[in-house]
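These notes are about the structure you will find just below.
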Amino acid sequence: MFTPNTLENKTIVITGGAGFIGSNLAMYFQTHHPKARVIVIDKFREQTPTTTSLGHFKNLLDFNGEIITADITKDLGILKKLDFDYLFHQAAISDTTNLNQELVMKTNHQAFIKLLKIAIKKDARVIYASSAGVYGNTPAPNKVGFGQRPENVYGFSKLCMDKSALDFALESFMPIVGLRYFNVYGPGEFYKHKTASMVLQLGLQALQHKEVKLFEFGEQKRDFVYIDDVIQACVKAMDASTSGVYNVGYGKSRSYNDIVRLLQAHLGEFKVTYIKNPYDFFQEHTCADIAPTHADLDYAPAYDLERGIQAYIPTIKDLAKC
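Numbered per the numbering used here, the sequence shown spans residues 34 to 355.
What follows is the structure, given as structure tokens:
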């Protein structure tokens, strides 16, 4: 457990709770804080090519808490009726290739402002999902407050969220904490499909086709962070003494070619084909400065890429059989 607080008789609401990080959070609290009341709110995905939700019921098959089906852009009256102590806001349009600026801004930023107003009235702590996308292609290492030049509307919406959160924090009794996730990977992301991590996508390609495809020439670098470390950051943010925005990564960047080498060590040899990159807003290098996250939240990532992939391999092998 990452917090000494038992959370007995506390109510925790998780928006986007059927998604990758949200469902992992729900299961963490169910396992380690069984006396807490955990409520998942999710829109759940539509079976359309342009779905705006990545929530999937199969992520919650083992969850025994409460589930509310609601769209945060329309159904916040449900949240107003709930008494809660913590709000983990994970719901968002997280597809960085979604170019519908109006829809992304309304879903990610405008709905967030409404959520903050509700939470502040209830004196609830808010921990919300921001993103490394706010840094765009500015030079790494990425530091909060510097180089915040997003290349797409998704990153822009997250930057707007961070600015609004800090404004609202001035009138909030409880701290508001934003966590800028870098490249998260691990069990529970399968239903993200094309937005799943490259670790999963390359692992499945290798097992199913004996060939993986990378944008030329696999030298792009990312800060890959394992899901267990992200959950650690989320839970430790519950005890934050002040409001703030923090990076959540491992603190070192690795290339896509590094992923390939590690997967080959576990899965055997496979072909690597390099293809043209069609995205002009593609980030070339990210690396989280996590010193403030460690200092203020006591965050200490336990999984480097080697350990994370090793832990993930059994899940990837099972998924490849589906």
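For glycine and all other residues, C-beta sits at the position ideal for the given N, C-alpha and C. As the structure is a computational prediction, the values presented were derived from the model and not from experiment.
Would residue i be called buried (16 or more neighbouring beta carbons within 10 Å of its own) or exposed?
{"i": "S286", "result": "buried"}
{"i": "T39", "result": "exposed"}
{"i": "P67", "result": "exposed"}
{"i": "G284", "result": "buried"}
{"i": "D206", "result": "Checking the sequence shown, residue 206 turns out to be Phe, not Asp. It is exposed - the Cβ of F206 has fewer than 16 other Cβ atoms within 10 Å."}
{"i": "S274", "result": "exposed"}
{"i": "C267", "result": "buried"}
{"i": "H327", "result": "exposed"}
{"i": "A202", "result": "buried"}
{"i": "I349", "result": "buried"}
{"i": "L94", "result": "exposed"}
{"i": "A198", "result": "buried"}
Does DSSP put residue i in a helix, a strand or coil?
{"i": "T44", "result": "strand"}
{"i": "S190", "result": "helix"}
{"i": "G49", "result": "coil"}
{"i": "G261", "result": "In the sequence as presented, Gly is not what sits at residue 261; that position holds Asp. In this structure, D261 counts as helix in the three-state DSSP scheme."}
{"i": "S56", "result": "helix"}
{"i": "K139", "result": "helix"}
{"i": "R294", "result": "helix"}
{"i": "D95", "result": "coil"}
{"i": "F90", "result": "helix"}
{"i": "Y62", "result": "Per the sequence shown, residue 62 should be read as Phe rather than Tyr. Helix at F62."}
{"i": "K76", "result": "coil"}
{"i": "F145", "result": "helix"}
{"i": "Q181", "result": "coil"}
Do residue j and residue i count as a contact pair if the criterion is CB distance below 8 Å?
{"i": "Y218", "j": "S230", "result": "yes"}
{"i": "L385", "j": "L300", "result": "Outside the shown range of the chain (34 to 355) lies residue 385, about which nothing can therefore be said."}
{"i": "N310", "j": "F257", "result": "no"}
{"i": "K269", "j": "F35", "result": "yes"}
{"i": "I72", "j": "T106", "result": "no"}
{"i": "A321", "j": "V263", "result": "no"}
{"i": "G88", "j": "G110", "result": "no"}
{"i": "G277", "j": "V232", "result": "no"}
{"i": "A157", "j": "D200", "result": "no"}
{"i": "T48", "j": "A124", "result": "yes"}
{"i": "L136", "j": "I146", "result": "no"}
{"i": "A59", "j": "F96", "result": "yes"}
{"i": "G180", "j": "G166", "result": "no"}
{"i": "I153", "j": "L112", "result": "no"}
{"i": "A162", "j": "I54", "result": "yes"}
Opposite residue i in the DSSP bridges: which residues?
{"i": "A162", "result": "L212"}
{"i": "A321", "result": "N175"}
{"i": "N280", "result": "R213"}
{"i": "R255", "result": "R287"}
{"i": "I153", "result": "Paired residues: none, contrary to the question."}
{"i": "K246", "result": "T306"}
{"i": "R70", "result": "T44"}
Give, in chain order, every unbroken run of the alpha helix (DSSP H) that is at least 4 residues long and sits entirely within the stretch 199-230. none
Which full runs of the beta strand (DSSP E) of 3+ residues lie inside the stretch 98-137, going along the chain? 99-102 and 119-122
May I have a chain-ordered list of the alpha helix (DSSP H) segments no shorter than 4 residues that lie completely inside the stretch 306-355? 324-330 and 338-353
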